[in-house]
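**Student:** Protein chains in written order, with our numbering: chain A, 7 to 379; chain B, 1136 to 1263. Glycine included, C-beta positions come from ideal geometry on N, C-alpha and C. All values derive from a computational prediction rather than experimental measurement. Input: one structure, supplied below.
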């Protein structure tokens, strides 16, 4: 088999049936869009969207010393996690660079790490290399499917077919149960800035659940949504994309992810990050609100009075806000909100301004019926 | 909606409709479907002189920024101002209200493809 074989998720045929435009995403054939990125984006903000996330890796760490290994590998303190809790955390190199960003699921008998598709084999090798006889590490990613249902109506759509009341499941918590009689895991997480669930099931069950959710959601505005909308949604929500905004050449502190780092515990990268903290940052990931219509994109220079002061890592139009937005690493002295910066787009400089992240925050459910009556 | 009758095409997916000494230019239905949602167009000033095959602007979609080339030589007579507020016209009606540029003083370019030839090019690209 050639090394360039493109992997398929169990929903590949479903995407073709829906006439999706497919793309090679980190070695996986994935839907980029079904109808239009804009329509899919707005469906998620206003009603619901259904995503195939089956390309993601699910690394399982089991055994009596599983907690010790995970505690050593990830940036965040996981020993106090109780079964059913989820944390966003990082895997770092010895020098403090980011190997991957992951979700840590605390289970009764160990941990599950949900990792980026294109990093899963590398992550698995990295964690396995640090394991001893007390831990068993495996990657169930290629046997596990993952469906994301996101948006203000996600709960009501999924609830109809669930075996239990899902409303008490809080953000960053999960429960095991069944959907339409199919065993699955309901995780109240997402990468869109909306409420919703990510549902784990076996590859064999995935097409059935995919069709079921599409059917149940159709009358409530649910649309299948591709990677294009996933990217514009996560950018509005200020969520970092591995390979664009963070990688081994960036550290968690400059990436604005210090909240995922427990510098007072022993983990790979801790010493280097303590040193980064002691020396102070030279650059910082900031949000840019653009005042011009040209779109800032990955790799474009950020300038101030004609001098380069940073680099764009992600940028696009914001369909929810009606202007263009970007994330960029910028020299710390120019990174405060209100700072006027430009982005070099082709032959011109597009004007922008540093703003706090995230760009978009969903209306809080408790506010409903409050101010507006 | 996607009627391309009487148009000529460039390999880079721009179309031209020549009427007397003037011409209207846009991008093909295939091009707009590949670009996805068009967000913004960077277009030349009226009066600018363009050679056949010259880059005259940029179309920005959610996915990428792509250069625009003119199939024929001429002087820019008009740009489609409606696209400032409605760039989605390029997606919705690429041969109609999604037109991009009008040229005057146009000289013909015999190397352009007619519609059947362009269709073969697109079908080839889709199978590749």
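Thinking residue 49/A and residue 154/A are a contact (beta carbons under 8 Å), I'd like their distance in whole angstroms, please.
**Tutor:** The residue you call residue 49/A lines up with position 43 of the first chain. The residue you call residue 154/A lines up with position 148 of the first chain. Contact flag wrong, Cβ pair sits at about 13 Å.
**Student:** On the DSSP bridge assignment, give the partners of residue 106/A in chain order.
**Tutor:** Here residue 106/A is taken as the residue at index 100 of the first chain, counted from 1. In the DSSP output, where bridge partners are listed per residue, residue 106/A has 97/A.
**Student:** Does residue 1209/B come out as helix, strand or coil in the three-state DSSP assignment?
**Tutor:** For the purposes of this step, residue 1209/B is taken as the residue at position 74 of the second chain. Strand.
**Student:** Which whole-angstrom value is the C-beta distance of residue 1232/B and residue 1210/B, which I expect to be below 8 Å?
**Tutor:** Within the second chain, the letter at position 97 stands for residue 1232/B. Within the second chain, the letter at position 75 stands for residue 1210/B. 23 Å between Cβ atoms; not a contact.
**Student:** Which residues in the same chain as residue 54/A place their Cβ atom closer than 7 Å to its Cβ, once the five residues preceding and following it in sequence are excluded?
**Tutor:** Working through the first chain from its first residue, we reach residue 54/A at position 48. So the qualifying residues of the chain are 155, 156, 157, 159, 160, 163, 223, 226, 227, 228.
**Student:** My output table needs one value for residue 1215/B: the three-state DSSP class, helix, strand or coil.
**Tutor:** Mapped onto the second chain, residue 1215/B falls at position 80. In this structure, residue 1215/B counts as coil in the three-state DSSP scheme.
**Student:** Between the Cα of residue 315/A and those of 335/A, 297/A, 364/A, spot the shortest distance and give me the residue it belongs to.
**Tutor:** Mapped onto the first chain, residue 315/A falls at position 309. Closest in C-alpha terms to residue 315/A, from the list 335/A, 297/A, 364/A, comes 335/A.
**Student:** At a Cβ cut of 8 Å, what residues of the region 1170-1196 of chain B count as close to chain A, listed as they run along the chain?
**Tutor:** 1171, 1172, 1174, 1175, 1177, 1193, 1195
**Student:** For residue 1155/B, name the three-state secondary structure that DSSP assigns.
**Tutor:** Taking the second chain and counting its residues from 1, the one referred to as residue 1155/B is at position 20. If DSSP states are grouped into helix, strand and coil, residue 1155/B belongs with coil.
**Student:** Which same chain residues end up closer than 8 Å to residue 317/A when comparing Cβ atoms and leaving out the 5 residues on each side of it in sequence?
**Tutor:** Numbered from its first residue, the first chain carries residue 317/A at position 311. Once the five neighbours on either side are set aside, the close Cβ partners of residue 317/A are 305, 306, 307, 308, 334, 335.
**Student:** By DSSP, does residue 162/A sit in helix, in strand, or in coil?
**Tutor:** Taking the first chain and counting its residues from 1, the one referred to as residue 162/A is at position 156. In the structure shown, residue 162/A sits in a helix (DSSP, three-state: H, G or I).
**Student:** What residues in its chain sit with their C-beta under 6 Å from that of residue 69/A, if we drop five residues either side in the sequence?
**Tutor:** Start at 1 with the first residue of the first chain, and residue 69/A comes out as number 63. 140, 141, 142, listed in sequence order.
**Student:** What is the DSSP secondary structure of residue 114/A, counted as helix, strand or coil?
**Tutor:** Working through the first chain from its first residue, we reach residue 114/A at position 108. If DSSP states are grouped into helix, strand and coil, residue 114/A belongs with coil.
**Student:** Should residue 30/A go down as buried or exposed, given a rule of 16 or more other Cβ atoms within 10 Å for buried?
**Tutor:** As a first step, residue 30/A must be located in the first chain, where it is residue number 24. The residue is exposed, with fewer than 16 neighbouring Cβ atoms inside 10 Å.
**Student:** Taking all protein chains shown into account, do 16 or more other C-beta atoms lie within 10 angstroms of the C-beta of residue 238/A, making it buried, or fewer, making it exposed?
**Tutor:** Numbered from 1 along the first chain, position 232 holds the residue referred to as residue 238/A. When all chains shown are included, residue 238/A counts as buried.
**Student:** Check whether the Cβ atoms of residue 320/A and residue 356/A lie closer than 7 Å to each other.
**Tutor:** Sequence index remark: in the first chain, residue 320/A carries index 314 (1-based). Sequence index remark: in the first chain, residue 356/A carries index 350 (1-based). Their beta carbons are not under 7 Å apart, which means residue 320/A does not touch residue 356/A by this criterion.
**Student:** Give, in chain order, every unbroken run of the beta strand (DSSP E) that is at least 3 residues long and sits entirely within the region 235-306 of chain A.
**Tutor:** 289-296
**Student:** Just the chain A side, please: which residues come within less than 9 Å of residue 1200/B by C-beta, in chain order?
**Tutor:** Sequence index remark: in the second chain, residue 1200/B carries index 65 (1-based). Within 9 Å Cβ-Cβ: 300, 301, 303, 351, 352.
**Student:** Straight-line CA distance for residue 79/A to residue 273/A?
**Tutor:** Here residue 79/A is taken as the residue at index 73 of the first chain, counted from 1. Here residue 273/A is taken as the residue at index 267 of the first chain, counted from 1. Whole-angstrom Cα-Cα distance: 6 Å.
**Student:** Mind listing which residues of the region 223-255 of chain A have their C-beta closer than 7 Å to chain B's C-betas, in chain order?
**Tutor:** 234, 238
**Student:** Among 1236/B, 1197/B, 1256/B, whose alpha-carbon lies nearest the alpha-carbon of residue 1203/B?
**Tutor:** Reading the second chain from its first residue, position 68 is the one you call residue 1203/B. Minimum Cα distance to residue 1203/B is reached at 1236/B.
**Student:** In whole angstroms, what is the alpha-carbon distance linking residue 93/A and residue 1253/B?
**Tutor:** Taking the first chain and counting its residues from 1, the one referred to as residue 93/A is at position 87. Taking the second chain and counting its residues from 1, the one referred to as residue 1253/B is at position 118. Rounded to whole angstroms, residue 93/A to residue 1253/B spans 53 Å at the Cα level.
**Student:** Please name the residue or residues paired with residue 332/A in a DSSP beta bridge.
**Tutor:** The residue given as residue 332/A occupies position 326 in the first chain. Note: residue 332/A sits in a beta bridge opposite 294/A, 321/A.
**Student:** Is any beta-carbon of chain B found at less than 7 Å from that of residue 50/A?
**Tutor:** Counting from 1 along the first chain, the entry for residue 50/A is found at position 44. Chain B, which has no Cβ nearer than 7 Å to the Cβ of residue 50/A, makes this no.
**Student:** Go through its chain and collect everything with a Cβ distance to residue 1212/B's Cβ below 8 Å, but skip five positions before and after it.
**Tutor:** The sequence position of residue 1212/B within the second chain is 77, counting from 1. Hits under 8 Å: 1157, 1181, 1237, 1238, 1239.
**Student:** Got a sec: does the ligand FAD put a non-hydrogen atom nearer than 6 Å to the Cβ of residue 257/A?
**Tutor:** What this structure holds is no ligand at all, so the ligand FAD is not there to describe.
**Student:** Do you know how far the Cα of residue 205/A is from the Cα of residue 190/A?
**Tutor:** Reading the first chain from its first residue, position 184 is the one you call residue 190/A. Reading the first chain from its first residue, position 199 is the one you call residue 205/A. Using only the alpha carbons, I get a separation of about 7 Å.
**Student:** Is there a Cβ of chain A sitting closer than 7 Å to that of residue 1136/B, yes or no?
**Tutor:** Along the second chain, read from residue 1 onward, the residue named residue 1136/B stands at position 1. Low confidence applies here, because residue 1136/B scores a pLDDT of 40, under 50, leaving its location unreliable and the question unanswered by this model.
**Student:** Over what stretch of residues does the beta strand (DSSP E) that includes residue 340/A continue unbroken?
**Tutor:** Your numbering for residue 340/A matches position 334 in the first chain. Residue 340/A -> no beta strand (DSSP E), and no H or E assigned at all.
**Student:** Which residue's Cα is closest to the Cα of residue 1241/B: 1216/B, 1205/B, 1166/B, 1196/B?
**Tutor:** Taking the first residue of the second chain as position 1, residue 1241/B is located at position 106. Ranking the options by Cα distance to residue 1241/B, first place goes to 1205/B.
**Student:** Enumerate in chain order the residues of its own chain whose CB-to-CB distance from residue 136/A is below 7 Å, with the five nearest sequence positions on each side excluded.
**Tutor:** Position 130 of the first chain holds residue 136/A. Here the set comprises 75, 78, 79.
**Student:** By a C-beta neighbour count over all protein chains shown, 10 Å radius and 16 as the cutoff for buried, is residue 194/A buried or exposed?
**Tutor:** Here the question's residue 194/A lines up with position 188 in the first chain. Counting other Cβ atoms within 10 Å of its Cβ, residue 194/A reaches 16 or more and is therefore classed as buried.
**Student:** Give me the Cβ distance between residue 1188/B and residue 1179/B, rounded to the nearest whole Å; I'm assuming they're in contact under 8 Å.
**Tutor:** Along the second chain, one-based indexing puts residue 1188/B at 53. Along the second chain, one-based indexing puts residue 1179/B at 44. Contact doesn't hold; Cβ gap of about 15 Å is too wide.
**Student:** Which full runs of the beta strand (DSSP E) of 3+ residues lie inside the region 175-215 of chain A, going along the chain?
**Tutor:** 180-185, 188-193, 202-208
**Student:** To be precise: take each residue of the region 319-342 of chain A, compare its Cβ to all Cβ atoms of chain B, and keep it if any distance is under 7 Å. Which residues remain?
**Tutor:** 322, 323
**Student:** With three or more C-beta pairs closer than 8 Å as the rule, is the region 33-52 of chain A touching the region 167-180 of chain A?
**Tutor:** no
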